[in-house]
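Colleague: The sequence shown begins at 77 in this note's numbering and counts up by one.
Virtual Cβ for every residue (Gly too), placed ideally from N, Cα, C.
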Amino acid sequence: MFAQSLRRLQDALNQRADYFQREFIAVSEDLKAVGRRLLEADPAARAALLAEQAALQDRQHALADAVNLWRDRARASVRQPNDEAVRAFLAEMEREDDSAVRAAAARALFVLDAPEEELEKLSRQALPARSGAISAAGRLIQRAQTEFDLRQLAAGPRKAAAVEFVNRPGMLRDEAALAELEAALEHPDPLVREVVTQTVIQFHRLRAMRLAELDQAHASVKRLRQINDPAVVPVFVEILSHPRKGFVPGPAGPLEADNARSRRVALGGLVEWHTPEARAAVVQCQFDRDPQIVKLAAVALELFPGDWNGPTPETRKAPPEKTPAH
Numbered sequence: 077m078f079a080q081s082l083r084r085l086q087d088a089l090n091q092r093a094d095y096f097q098r099e100f101i102a103v104s105e106d107l108k109a110v111g112r113r114l115l116e117a118d119p120a121a122r123a124a125l126l127a128e129q130a131a132l133q134d135r136q137h138a139l140a141d142a143v144n145l146w147r148d149r150a151r152a153s154v155r156q157p158n159d160e161a162v163r164a165f166l167a168e169m170e171r172e173d174d175s176a177v178r179a180a181a182a183r184a185l186f187v188l189d190a191p192e193e194e195l196e197k198l199s200r201q202a203l204p205a206r207s208g209a210i211s212a213a214g215r216l217i218q219r220a221q222t223e224f225d226l227r228q229l230a231a232g233p234r235k236a237a238a239v240e241f242v243n244r245p246g247m248l249r250d251e252a253a254l255a256e257l258e259a260a261l262e263h264p265d266p267l268v269r270e271v272v273t274q275t276v277i278q279f280h281r282l283r284a285m286r287l288a289e290l291d292q293a294h295a296s297v298k299r300l301r302q303i304n305d306p307a308v309v310p311v312f313v314e315i316l317s318h319p320r321k322g323f324v325p326g327p328a329g330p331l332e333a334d335n336a337r338s339r340r341v342a343l344g345g346l347v348e349w350h351t352p353e354a355r356a357a358v359v360q361c362q363f364d365r366d367p368q369i370v371k372l373a374a375v376a377l378e379l380f381p382g383d384w385n386g387p388t389p390e391t392r393k394a395p396p397e398k399t400p401a402h
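(1) Less than 8 Å between the CB atoms is what I'm expecting for Ser-211 and Ala-253, so what's the real figure, rounded?
(2) Considering only DSSP beta bridges, list what Lys-321 is partnered with.
(3) Do you know how far the Cα of Ala-180 is from the Cα of Leu-343?
(4) Assign Gly-43 to one of three DSSP states: helix, strand, or coil.
(5) Do the stretch 212–222 and the stretch 259–266 meet, that is, are 3 or more Cβ pairs less than 8 Å apart?
(6) Given this structure, state the Cα-to-Cα distance separating Phe-186 from Pro-157, to the nearest angstrom.
(7) State the DSSP-derived secondary structure class of Gly-326, mapped to helix, strand or coil.
(8) DSSP three-state call for Glu-172: helix, strand or coil?
(9) Looking only at DSSP bridge pairs, what is Glu-289 linked to?
(10) Under a Cβ-count criterion, where at least 16 other Cβ atoms within 10 Å of its own Cβ denotes burial, should Leu-203 be classed as buried or exposed?
(11) Between Gly-246, Gln-360, Val-110 and Gln-129, which lies nearest to Ser-317 when the distance is taken from Cα to Cα?
(12) Below 7 Å CB to CB, which residues in the same chain sit around Ser-207 once its five sequence neighbours on both sides are set aside?
(13) For Arg-299, which residues from the same chain have a beta carbon less than 6 Å from its beta carbon, with the 5 sequence-adjacent residues on both sides left out?
(14) Tell me which residues share the same chain as Thr-273 and place their Cβ nearer than 8 Å to its Cβ, disregarding the 5 neighbours each side in the sequence.
(15) Note down the Cα distance separating Pro-327 from Asn-335, rounded to an integer number of angstroms.
(16) Under 7 Å Cβ to Cβ from Arg-171, same chain only, skipping five residues before and after it: list those, please.
(17) Compare the C-alpha of Val-420 against each of Ala-131, Arg-151, Tyr-95 and Arg-92 and name the closest.
(18) DSSP on Trp-384, reduced to helix/strand/coil?
(19) Taking the beta carbon of Gly-382 as the centre, do at least 16 other beta carbons fall within 10 Å, making it buried, or is it exposed?
(20) Between which two residues does the alpha helix (DSSP H) holding Leu-377 run?
(21) For Val-313 versus Ala-373, is the C-beta spacing smaller than 9 Å?
(22) In whole angstroms, what separates the C-alpha of Leu-50 from that of Val-297?
(23) Considering just the uninterrupted stretch of the alpha helix (DSSP H) at Arg-249, what are its terminal residues?
(24) For Pro-387 and His-350, I'd like the C-alpha separation in whole angstroms.
(25) Could you tell me which of Arg-151, Phe-363, Gln-129 and Pro-330 sits nearest to Gln-228, measuring between CA atoms?
(26) To the nearest angstrom, how far is the alpha carbon of Arg-122 from that of Leu-114?
(27) Note down, in chain order, each residue of its chain lying with its Cβ closer than 6 Å to the Cβ of Ala-255, except the 5 sequence neighbours on either side.
(28) Assuming Ala-213 and Leu-248 are in contact, meaning their beta carbons sit under 8 Å apart, how far apart are those beta carbons, in whole angstroms?
(29) Answer yes or no: do Val-143 and Leu-82 have a C-beta to C-beta separation smaller than 9 Å?
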């Protein structure tokens with residue numbers, strides 16, 4: 077019972093860290109926006125934007141410190157060496173200004189000192205109702221909500237979880253899992269949303285690269301074009317740089333074909349995102365074996381010369397996908 081109370085306190089402390097982490101992510105987005113405005117700002121406006129940037133950076137650093145503080149407290153809540161240290165820690169948490177943390181700490185102290193009869197009564201009240209089976213996708217979403225590694229500032233563990241999930245046996249063709257993840261793309265928790273988005277991207281990446289049925293693979297490439305996340309850029313580079321064979325339906329059965337149309341859609345995605353990595357991949361297309369890819373790449377580089385530093389209204393409006401008529 078006491079261990080359960082400490083876990084509740086740990087959850088409350090992690091939720092406090094999550095709050096600051098969401099703030100950190102929001103400030104980071106604001107910093108990116110200010111950085112983009114600085115690139116286009118008149119000299120007269122730069123001073124104000126630089127001051128705003130500095131203030132946001134200070135706020136970002138303070139939020140990072142807060143996230144680390146509350147994560148450290150969450151870890152410490154279940155790692156105290158003895159009863160005296162536990163009591164001191166709980167008393168400190170009771171003085172915090174977060175009501176959930178105070179309540180969880182008070183309950184843990186109560187359980188620590190409660191007589192056996194009271195603990196037995198609390199145990200009966202706490203018996204959880206048995207829940208139904210949770211799907212694999214549902215478990216991934218739960219992990220994104222609660223697992224320590226997936227709640228950190230570093231994005232690496234979230235991407236690793238996505239890659240591990242889609243590489244499980246049979247997952248490539250699991251339509252129910254993909255549908256459940258697609259439905260969670262607008263989850264209110266930004267860290268859950270990131271895990272789900274990365275997993276959906278990896279789902280469609282593997283389908284685009286591995287499915288022998290090229291119509292289904294092509295549908296995944298088109299779906300990637302609809303996902304507003306820069307993590308699709310290396311996926312488009314991979315699709316574009318890997319011509320391959322597969323099958324499409326024919327009147328008398330499957331016909332062998334190549335993935336040229338999917339590569340063209342991936343090229344259009346790179347022009348849309350307009351990043352340095354995207355430009356480097358488009359430049360490489362001048363040596364491509366497919367003359368349509370060569371022509372489309374040349375058109376893109378002619379329309380958008382110079383550096384590519386991120387999406388613009390023009391690249392979002394008219395990415396090349398079809399060979400222009402001449």
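Modeller: This is what the structure gives:
(1) Numbered from 1 along the sequence shown, position 135 holds the residue referred to as residue 211. Numbered from 1 along the sequence shown, position 177 holds the residue referred to as residue 253. Ser-211 to Ala-253, Cβ: 7 Å. Contact.
(2) Working through the sequence shown from its first residue, we reach residue 321 at position 245. DSSP, once it has assigned bridges, lists Asp-334 as partnering Lys-321.
(3) Numbered from its first residue, the sequence shown carries residue 343 at position 267. Numbered from its first residue, the sequence shown carries residue 180 at position 104. The alpha-carbon atoms of Leu-343 and Ala-180 are separated by roughly 53 Å.
(4) Residue 43 lies beyond the residue range present for the chain, which begins at 77 and ends at 402; the question has no answer from this structure.
(5) The stretch 212–222, when compared against the stretch 259–266, does touch it at the 8 Å Cβ threshold.
(6) In the sequence shown, residue 186 corresponds to position 110, counting from 1. In the sequence shown, residue 157 corresponds to position 81, counting from 1. Looking at the two C-alpha atoms, the distance is approximately 19 Å.
(7) Against the sequence shown, residue 326 aligns to sequence position 250. Reduced to three states, the DSSP call for Gly-326 is strand.
(8) Here residue 172 refers to the residue found at position 96 of the sequence shown. In the structure shown, Glu-172 sits in coil (DSSP, three-state: anything other than H, G, I, E or B).
(9) Translated into positions along the sequence shown, residue 289 becomes position 213. Looking at the DSSP assignment, Glu-289 forms a beta bridge with Phe-323.
(10) Here residue 203 is taken as the residue at index 127 of the sequence shown, counted from 1. Note that Leu-203 has pLDDT 43, beneath the 50 cutoff, so the model's placement of it is unreliable and no number is given.
(11) Counting from 1 along the sequence shown, the entry for residue 317 is found at position 241. Taking only the C-alpha atoms, the option nearest Ser-317 is Gln-360.
(12) Here residue 207 refers to the residue found at position 131 when the sequence shown is read from its first residue. Its pLDDT being 45, under 50, Ser-207 is placed unreliably in this model, and the coordinates cannot settle the point.
(13) In the sequence shown, counting from the first residue as 1, residue 299 sits at position 223. Around Arg-299: His-280.
(14) What you label residue 273 is simply residue 197 of the sequence shown in a count that begins at 1. Beyond the five residues adjoining it in sequence on each side, Thr-273 comes within less than 8 Å, by CB distance, of Leu-261, Ile-303, Asp-305 and Ala-307 in the same chain, given in chain order.
(15) Here residue 327 corresponds to residue number 251 of the sequence shown, with the count starting at 1. Here residue 335 corresponds to residue number 259 of the sequence shown, with the count starting at 1. Straight-line Cα distance between these residues: approximately 19 Å.
(16) Residue mapping note: residue 171 aligns to position 95 of the sequence shown, counting from 1. Excluding sequence positions up to five before and after Arg-171, its CB lies less than 7 Å from no other CB in the same chain.
(17) The requested residue 420 is not part of the displayed model; the chain covers only 77 to 402.
(18) Here residue 384 refers to the residue found at position 308 when the sequence shown is read from its first residue. It is coil, neither helix nor strand.
(19) For this step, residue 382 is matched to residue 306 along the sequence shown. Exposed is the label assigned to Gly-382, since fewer than 16 other Cβ atoms lie within 10 Å of its Cβ.
(20) On the sequence shown, position 301 is the one that residue 377 refers to. That run of the alpha helix (DSSP H) goes 367–379.
(21) Here residue 313 refers to the residue found at position 237 of the sequence shown. Here residue 373 refers to the residue found at position 297 of the sequence shown. No; because the gap between Cβ atoms is not below 9 Å, this pair is not in contact.
(22) Absent from the structure is residue 50, since the part of the chain shown begins at 77 and ends at 402.
(23) Reading the sequence shown from its first residue, position 173 is the one you call residue 249. Run containing Arg-249: none; DSSP gives neither H nor E here.
(24) Taking the sequence shown and counting its residues from 1, one reaches residue 387 at position 311. Taking the sequence shown and counting its residues from 1, one reaches residue 350 at position 274. Distance between the alpha carbons of Pro-387 and His-350: 5 Å.
(25) For this step, residue 228 is matched to residue 152 along the sequence shown. That would be Arg-151, whose Cα lies nearest to the Cα of Gln-228.
(26) Your numbering for residue 122 matches position 46 in the sequence shown. Your numbering for residue 114 matches position 38 in the sequence shown. Using only the alpha carbons, I get a separation of about 6 Å.
(27) Walking along the sequence shown from the start, residue 255 turns up at place 179. Cβ neighbours of Ala-255 beyond the five flanking positions: none.
(28) Within the sequence shown, residue 213 is the residue found at index 137, counting from 1. Within the sequence shown, residue 248 is the residue found at index 172, counting from 1. Taking the Cβ atoms as the reference, Ala-213 lies roughly 14 Å from Leu-248, outside the contact range of under 8 Å.
(29) As a first step, residue 143 is located in the sequence shown; it is residue number 67 there, counting from the start. As a first step, residue 82 is located in the sequence shown; it is residue number 6 there, counting from the start. Result no, Cβ atoms of Val-143 and Leu-82 do not sit closer than 9 Å.
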